Structures are given as structure tokens and as C-alpha cells.
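Okay, structure first, notes after.
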Amino acid sequence: MSEMGPMLELAAFARPAWLGDLLEPLPEIDRALFAEGIPRRFIGRWYWAAHDLSVIERTDGSRILRFGFSGLFSEIGLDLATAEVIAVVNSTPRTEFLVNSSLEQFTSTVDALIARFPFYDADAERAELNTIGSELLGTIRSIDPEAAVADRFWSSFVDDAEMGDLSTEDVLEAMIEDL
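Residue 299 in this note's numbering sits at position 151 of the sequence shown, and the numbers go up by one each step.
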């Protein structure tokens, strides 16, 4: 966190012994997770990195490598079959949706949206909220068009921005509470 607001911090994981050669077909993900790092956190409770990696088993036997969390009930991870970043909502039934098409695009999206902060003041008018929402969605779309589709992780973030939930004051207050 900077004095002016959020900033991109990267965190690399320690390689767990149980991982074995699971990421051998995905060297770019291996490099991101264990050398370069992935975003440590995003604004508020939208995303934060886990302390350790773990595997989420799907009913069909495929796996998601969990590397983070979102909100109260969601986990963020990599679909090991597609290399997409997926949100897993732990509800009944469990639901999944796309966050980004790749880990690189996830990091780029987090970086671009943090770089755009501040978004607006608490007293912003509806027109300003809508303009910022369109701008944020355009930024997301320019990095990863699939991530900008309605009813997904980033479009929900934009919805919150358009509702006025991401004012400078609210974001900075949440950052202080997270310390």
C-alpha cells in the first residue's frame, strides 16, 4: 500500500513438494508462481493471495490450483487443463466462472486497474460513475476481452464501481482496516 492508494505488489510462493511435475506442461505459470510472483492483493476484498497453494478437485477429476481468495466464499485458482484463472464460489451447488484467460492477463488486469486508482470521490454523480465504469471495462477488455463479459469477476467489479462502492474514501478506509 502506498500513501496515495493501492499499488501492485507481487508475491512468489514456495514450491510445495506435493506439486511434483504438475506444472511441467505450463512453464510460464511455474515461473509466475515461483519466480516472478503474482499479485499479492487487489482492492478491498476483491482478491488476496493465499499463503500456500492447494488443489481444488472437481467432480469430473480435473483440478484447479488455488492461489488466492475473493470475498467471503470464493477461491481464485488456475484451471490446470486450460491455464485460465477461475473463481470458485463455495456455495451449494459450487459455481465457477472465468476471471482471466491466463495468469499473465490476471496480473496485467490487476496492475492496470490499480494504476487507474483513484476512481472517484464519495460524492461523485451518476454520470461520473458510469463514465468510470465504462473506462474500467474498456481497460479490462483491452487486456482480456473474455474477462470483460457480463456476470464474471471483473464485470462484477465494474458493477460495484458504477454503484459508487469504490470511492477513493471507501477504498482507502478498507486498506487501513486490512492492515
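Quick reminder that beta carbons are idealized off the backbone N, C-alpha and C, glycines included. Bear in mind that the values here come from a model prediction, so they are computed numbers and not experimental data.
- With fewer than three CB-CB distances shorter than 8 angstroms, the region 285-296 does not count as touching the region 178-187.
- Considered as a whole, the region 151-196 harbours 175-179 as its complete alpha helix (DSSP H) runs of no fewer than 4 residues, in chain order.
- Its Cα nearest to that of Pro-154, the residue Arg-193 stands out among Leu-167, Asp-169, Arg-193, Pro-173.
- Linking Glu-172 to Arg-211 through their CA atoms gives a straight-line distance of about 15 angstroms.
- In the DSSP annotation of this structure, Ala-298 is not part of any beta strand (DSSP E), being labelled neither H nor E.
- Residue pairing from DSSP leaves Leu-284 without any beta-bridge partner.
- Annotation for Val-319: Ile-191 place their beta carbon closer than 6 angstroms to its own, counting only its chain and skipping 5 residues before and after.
- Within the model, the alpha-carbon separation for Arg-188 versus Glu-310 is close to 25 angstroms.
- The beta-carbon separation of Ile-177 and Leu-251, rounded to 6 angstroms, stays under the 8 angstroms limit for a contact.
- Looking at Glu-223, Glu-205, Glu-232, the one whose alpha-carbon comes closest to that of Leu-174 is Glu-232.
- Per DSSP, reduced to three states, the secondary structure at Leu-320 is helical.
- With a contact defined as Cβ atoms closer than 8 angstroms, Phe-245 and Ala-235 qualify at about 5 angstroms.
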